[in-house]
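Each residue of the sequence shown is one higher than the last, beginning at 1 in full-length UniProt numbering. Note that the Cβ used here is the ideal one computed from N, Cα and C, for glycine as well. Only a predicted model underlies this, so the values are computations on that prediction, with no experimental measurement involved.
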Amino acid sequence: MKRVQRQLDITAFTQIKKDKTNNPNSEFQPVEPTNINYSNKDVSIEQAYLEELPSVSKNSTDIHNLTSMHSNYTPSVSTMSNNFTKTPIVGVNDIGNYVHNLEINDLKKEELLKTPWVPSSTYIFPVKTKRNLRFQLSWIKRFPWLSYSQLFEGAFCRLCVLFAREKGGNGSHQKLGALVSKEYTNWKNALQDFQLHATTSYHKLCVEKSDSFLKVNEGISKNITEQLSIERSRQIEQNRKILLSIIKTIILCSRQEIAFRGSNDYGNVMNINDFNDGNFRALLRFRVDSGDTTLGEHLKNGPRNSLYTSPGIQNDIISICGEIIKSKIVQRVNAAECFSVLADETTDIGRIEQMSVCLRYYDQKDKKIREDFLEFTPAVDLSGKGLATLIMGCLQKNSIHCQFLVGQGYDGASAMSGYLHGAQEYIKKDFPMALYVHCSAHSLNLALANACSLPSIRNCISTIQTVGTFFRSSAQRSELLRTTIIETLSETRHTTLVALCETRWVYKHESVMRFKELYPAIIVALEKLESSINKETAQKSCQLLSTIKDAKFVIPLVIIENIFSYTLTLCKQLQTINADLVEACNHVDDVLAVLDEMRENNKQHFSDLFSVVAIMLNKNKEDIVLPRIANKQTHRSNVPSHSSEEYYNFNIFLPFLDYIRSQLCDRFQKHKSLISSLQQIIPSKCIIATNEEINDCVNFYSQILIEPNAFKAEFAIWKTKWLKEGSRPKTAIAGLDNCNPLLFPNIRKLLQVLVTMPMSTATPERTFSSLKRLKTYLRNSTSETRLNGLALMSVHRDINVDPEEVLTQFSKSSRKIMLL
């Protein structure tokens, strides 16, 4: 019996060695039978097992069971001894070694997937049931994912062992059992269970994971980190493309001052509703229809809570655009190191007092003067101190270097210009160089308004305004006037009257000059309206016709038109940006010189005007009659005269001329005194400048000069330079263009101060037009942040707003979609 058993052991060992030779991938290590010492006949195989397994009882039944397992387990005998190991050695690629093992490296996973341990064709699978059923080797060929574990004596799904999670099934809450976390041994239903396992969702997912894993290791595809990175980059690029389309639409609406919202702006953007959902949503649909497929897919199938078309997102983007524009303005102002503040206030449609704050400075890069709108600020405290605090708070909030403030430009209201409690005085206490300059355009308008207070002139202007209102109040009258102008004055290019507007100063000039030009056609039109079937129209036209035919109206009309023709160019020049206060004062002096010459030769000038009046009245069959003169008349002009020409010369022409001359001298005298010492550095005046005037200027602006101690020598060289030149600049801007900053740094700084001095508040006045277009009765609840962003984009069309820069700023805040 012992001999037979020993022979069986030797045969088993020999068979195992053959299996290893035939299947080199197997990790099963056979033991050479020669390593076992069988020379001692008293040592049987049973005794050897019993010696290595002392925990097993040494009864006959255990011995029989142990000896019956010799074909399934390989005894390992050390080369140093002839003893067997406690447990038989199992192949390294046996899948059983890796059940519940979460620390398998990628190399080992690839090896298990490509070269798993497969029993040989002569391998004897153990039998565990009474029905003599066992694992079939053909199942591995039928189910490639199936592996047999010699360690557990059962079957496993190799893919699920390596890639499955702990739980699966519906809802991923069932703990995985046979074929995954424990061996499968129910050989009776093996085929059905294997087929069922192949249809489970977790198994299919493991198949995809294994395929992806092998492709990554073989270099066919990228690993998960790279794939996630690529997918993230693709998603970010797509999200940014969507946001860029939305940002460009917002910028378009803002630049064109188009209202964003309609009566309703909710629901799916792509749905065309019966109601008006606003221009913004309509433009988004237009983009989609024009071929923006990425935006279309986002608006159709994107998540409802992150479409990025809501009013809140609009406000964020508008605010960012405004901040970008404002930052560029602040950067240029601080780089100039010299600026003036311009401010004016008005009440918007929402009954909020809005103060428009603008900055005037010399742009060193473009070499021109700029007047840039900064922001609208609600004004609650309208006292001088409150307005001063509001203006300085606006400057400091925007990080503007207020130590370089050299000028203040406001209107003549006492709250702004008061020398005791005005805003300019409070600001000057903190910044002494910030000199207040009354708006020169306001000054001219006030001078003309006061000059026009002369009764005859005032009545003429009132009549002009009444006639214009009479025609504009009716479409039929306007059309009649237009056709009459075309028939009567075919050479003229104007067909309408200009309204005499008090706030638009140029219109005061143009309305009078337009009325004088169209006077013959107006007479014909009123004559036609006298026969109108409308009683009110006929009466009004008869009254106006008799008024404008009278010499008392025609003579003032011709005089006003003649005088206004000289001040019209001055009015336009005072509202320009690229001009300095010296140039404005020079232009005023030129106008005064012309008026002085007219005053000296008044008889000749009025004679020419009187002949024009005579021609106009003769066409209307009217005569110039000398008014009755009484010795005790006190309520009208009663100057003794020998002729009607002399009478109107003394009573209208000369008084009106004197009024305008005196008003211009008084209104602009303060402007001249402000620049009296500073203008001495202009090339045309520096050659006759005195040291006292220059020293006063240097002492006042010593804080911003580069080298005040060297100014005296620098000015001497500057003066010598222009003494040699025949042509010398007469304005500060021209002098600045001809000043070398390396040779004359202090001179250039003073010239820069001179050109920075405010000339008018026309720029803040212009921003009120934008305010009226942006904040209408339909949009009267617009917030200040949104209003300022829209106003900045509307006013500053020359400053480019890059959508990419806007998107970068927008992405810095936490968003629901990936943008960075």
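Q) Leaving out five residues before and five after E111 in sequence, what residues of the same chain have Cβ atoms less than 7 Å from its Cβ? A) Locating residue 111 in the sequence shown gives position 111, counting from the first residue. Counting only Cβ-Cβ distances below 7 Å, and skipping sequence neighbours, we find N93.
Q) Taking the continuous beta strand (DSSP E) assigned at G409, which residues delimit it? A) Here the question's residue 409 lines up with position 409 in the sequence shown. Looking at the DSSP string, the run of the beta strand (DSSP E) that includes G409 is 405 to 410.
Q. For D372, which residues does DSSP report across the bridge?
A. For the purposes of this step, residue 372 is taken as residue 372 along the sequence shown, with counting starting at 1. Note: D372 sits in a beta bridge opposite L359.
Q: Ignore the nearest five residues each way along the sequence and tell me which others in C338's own chain have a CB closer than 8 Å to its CB.
A: Indexing the sequence shown from 1 puts residue 338 at position 338. Same-chain partners within the cutoff: Y361, Y362, F404, V406, I704, K749, Q752, V753, T756.
Q: List the endpoints of the continuous beta strand (DSSP E) containing G154.
A: Translated into positions along the sequence shown, residue 154 becomes position 154. Here the beta strand (DSSP E) through G154 covers 154 to 157.
Q) By Cβ distance, which residues of its chain are closer than 6 Å to I352, with the 5 residues on each side in sequence left out? A) Here residue 352 is taken as the residue at index 352 of the sequence shown, counted from 1. Result list for I352: P378, in chain order.
Q | Host alpha helix (DSSP H) of H605 (start-end) | A | By 1-based counting over the sequence shown, the position of residue 605 is 605. Taken as a continuous stretch (DSSP letters only), the alpha helix (DSSP H) holding H605 covers 602 to 619.
Q. Quick one: Cα of F135 to Cα of Q195, how far?
A. Position 135 of the sequence shown holds residue 135. Position 195 of the sequence shown holds residue 195. Separation of F135 and Q195 (C-alpha to C-alpha, rounded to the nearest whole angstrom) is 16 Å.
Q. What is the DSSP secondary structure of V437, counted as helix, strand or coil?
A. Along the sequence shown, read from residue 1 onward, the residue named residue 437 stands at position 437. In the three-state reduction of the DSSP assignment, V437 falls in the strand class.
Q) Excluding sequence positions up to five away, which residues of its chain have a Cβ less than 7 Å from the Cβ of Y308? A) Taking the first residue of the sequence shown as 1, we reach residue 308 at position 308. Excluding positions up to five away in sequence, the list reads L243, I246.
(Q) Considering just the uninterrupted stretch of the alpha helix (DSSP H) at L342, what are its terminal residues? (A) Locating residue 342 in the sequence shown gives position 342, counting from the first residue. Taken as a continuous stretch (DSSP letters only), L342 belongs to no alpha helix (DSSP H), being part of the beta strand (DSSP E) at 339 to 347.
Q. Under 8 Å, do T761 and C439 count as touching if we go by C-beta distance?
A. By one-based count along the sequence shown, residue 761 stands at place 761. By one-based count along the sequence shown, residue 439 stands at place 439. Yes, the pair counts as a contact, with Cβ atoms nearer than the cut-off.
Q) Is A48 helix, strand or coil by DSSP? A) Counting from 1 along the sequence shown, the entry for residue 48 is found at position 48. At A48, the pLDDT of 37 sits below 50, so the modelled position is not reliable and the matter cannot be decided from this model.
Q.
What does the alpha-carbon distance come out to for the pair K508 and K528?
A. By 1-based counting over the sequence shown, the position of residue 508 is 508. By 1-based counting over the sequence shown, the position of residue 528 is 528. Going from the Cα of K508 to the Cα of K528 covers about 28 Å.
Q) Roughly how many whole angstroms lie between the Cα atoms of P75 and G96? A) For this step, residue 75 is matched to residue 75 along the sequence shown. For this step, residue 96 is matched to residue 96 along the sequence shown. In this prediction, P75 has a pLDDT of 37, which is less than 50 and means its spatial position is unreliable; nothing more can be read from the coordinates.
Q: Note down the Cα distance separating V358 from L342, rounded to an integer number of angstroms.
A: Looking up residue 358 in the sequence shown gives position 358. Looking up residue 342 in the sequence shown gives position 342. The question names Val, but residue 358 is Cys in the sequence shown. Taking the straight line joining both Cα atoms gives about 5 Å.
(Q) Less than 8 Å between the beta carbons of L819 and R240, yes or no? (A) As a working mapping, residue 819 is identified with position 819 in the sequence shown. As a working mapping, residue 240 is identified with position 240 in the sequence shown. In this structure, R240 lies closer than 8 Å to L819 by Cβ.
(Q) Quick check: A155 and L162, are their CB atoms within less than 8 Å of each other? (A) The residue given as residue 155 occupies position 155 in the sequence shown. The residue given as residue 162 occupies position 162 in the sequence shown. Against a cut-off of 8 Å, the Cβ pair of L162 and A155 comes out as no contact.
Q.
Using C-beta distances below 6 Å, list every residue in its chain close to G735, excluding the 5 sequence neighbours before and after it, in chain order.
A. Position 735 of the sequence shown, counted from the first residue, corresponds to residue 735. For G735, where only same-chain residues beyond five positions count, the Cβ hits under 6 Å are I682, P683, P729, L751.
Q: Please go through the same chain and pick out, in chain order, the residues whose beta-carbon is closer than 6 Å to the beta-carbon of F143, but skip the five residues on each side of it.
A: The residue you call residue 143 lines up with position 143 of the sequence shown. Closer than 6 Å at Cβ, skipping near neighbours: F194.
(Q) With three or more beta-carbon pairs closer than 8 Å as the criterion, would you say the region 313 to 320 touches the region 801 to 813? (A) Under the 8 Å Cβ criterion, the region 313 to 320 counts as touching the region 801 to 813, having at least three qualifying pairs.
Q) Quick one: complete beta strand (DSSP E) runs, 3+ long, within the region 170 to 210? A) none
Q. Which one or two residues does DSSP pair with E353 in a beta bridge?
A. Residue 353 sits at position 353 when you count from the first residue of the sequence shown. The partner list for E353 (beta bridge, DSSP) reads T347.
(Q) Let me confirm a value: D277 is counted as buried when at least 16 other C-beta atoms fall within 10 Å, else exposed. Which label applies? (A) As a first step, residue 277 must be located in the sequence shown, where it is residue number 277. It is buried - the Cβ of D277 has at least 16 other Cβ atoms within 10 Å.
Q) Buried or exposed: T720, going by 16 or more other Cβ atoms within 10 Å of its Cβ? A) Position 720 of the sequence shown, counted from the first residue, corresponds to residue 720. Result: exposed.
Q.
Between the alpha carbons of S563 and R287, how many angstroms are there, rounded?
A. Stepping through the sequence shown from its first residue, residue 563 is reached at position 563. Stepping through the sequence shown from its first residue, residue 287 is reached at position 287. Just to set this straight, residue 563 is Ile in the shown sequence, not Ser. Rounded to the nearest angstrom, the two C-alpha atoms are 56 Å apart.
Q: To the nearest angstrom, report how far apart L609 and V554 are at their CA atoms.
A: For the purposes of this step, residue 609 is taken as residue 609 along the sequence shown, with counting starting at 1. For the purposes of this step, residue 554 is taken as residue 554 along the sequence shown, with counting starting at 1. Each residue's alpha carbon lies about 11 Å from the other.
(Q) So the candidates are F606, V330, T346; which of them puts its Cα closest to the Cα of Y410? (A) Working through the sequence shown from its first residue, we reach residue 410 at position 410. It is T346.
Q | Given 8 Å, three or more beta-carbon pairs between the region 642 to 655 and the region 539 to 550 | A | Segment contact: the region 642 to 655 against the region 539 to 550, fewer than three CB-CB distances shorter than 8 Å; contact not assigned.
Q) From E587 to L581, what does the alpha carbon distance come to, in whole angstroms? A) Position 587 of the sequence shown, counting from 1, holds the residue named residue 587. Position 581 of the sequence shown, counting from 1, holds the residue named residue 581. Note on residue identity: the sequence assigns His, not Glu, to residue 587. So the two alpha carbons sit approximately 10 Å from each other.
**Q.** Assigned exposure category for L792 - 16 Cβ within 10 Å defines buried
**A.** Taking the first residue of the sequence shown as position 1, residue 792 is located at position 792. Answer is buried; the Cβ neighbour count reaches 16.
Q: Measure the alpha-carbon distance for S443 versus I747 and round it to whole angstroms.
A: In the sequence shown, residue 443 corresponds to position 443, counting from 1. In the sequence shown, residue 747 corresponds to position 747, counting from 1. Spanning the two alpha carbons is a distance of roughly 30 Å.
Q: Taking 8 Å as the threshold, find out whether the region 367 to 375 comes into contact with the region 417 to 437 through three or more Cβ pairs.
A: No: fewer than three Cβ pairs fall under 8 Å.
Q) For S702, which residues of its own chain have a beta-carbon under 7 Å away from its beta-carbon, when the five flanking residues on both sides are left out? A) Along the sequence shown, read from residue 1 onward, the residue named residue 702 stands at position 702. Excluding positions up to five away in sequence, the list reads P708.
(Q) Just verifying my parser: in three-state terms, what is the DSSP assignment at T67? (A) Numbered from its first residue, the sequence shown carries residue 67 at position 67. The pLDDT assigned to T67 is 36, lower than 50, so where the model puts this residue is not dependable; a value taken from the coordinates is nonetheless given after this. Residue state, collapsed to three classes: helix.
Q) Are the CB atoms of F373 and V801 nearer to each other than 8 Å? A) Sequence index remark: in the sequence shown, residue 373 carries index 373 (1-based). Sequence index remark: in the sequence shown, residue 801 carries index 801 (1-based). For F373 and V801, no; Cβs fall outside 8 Å.
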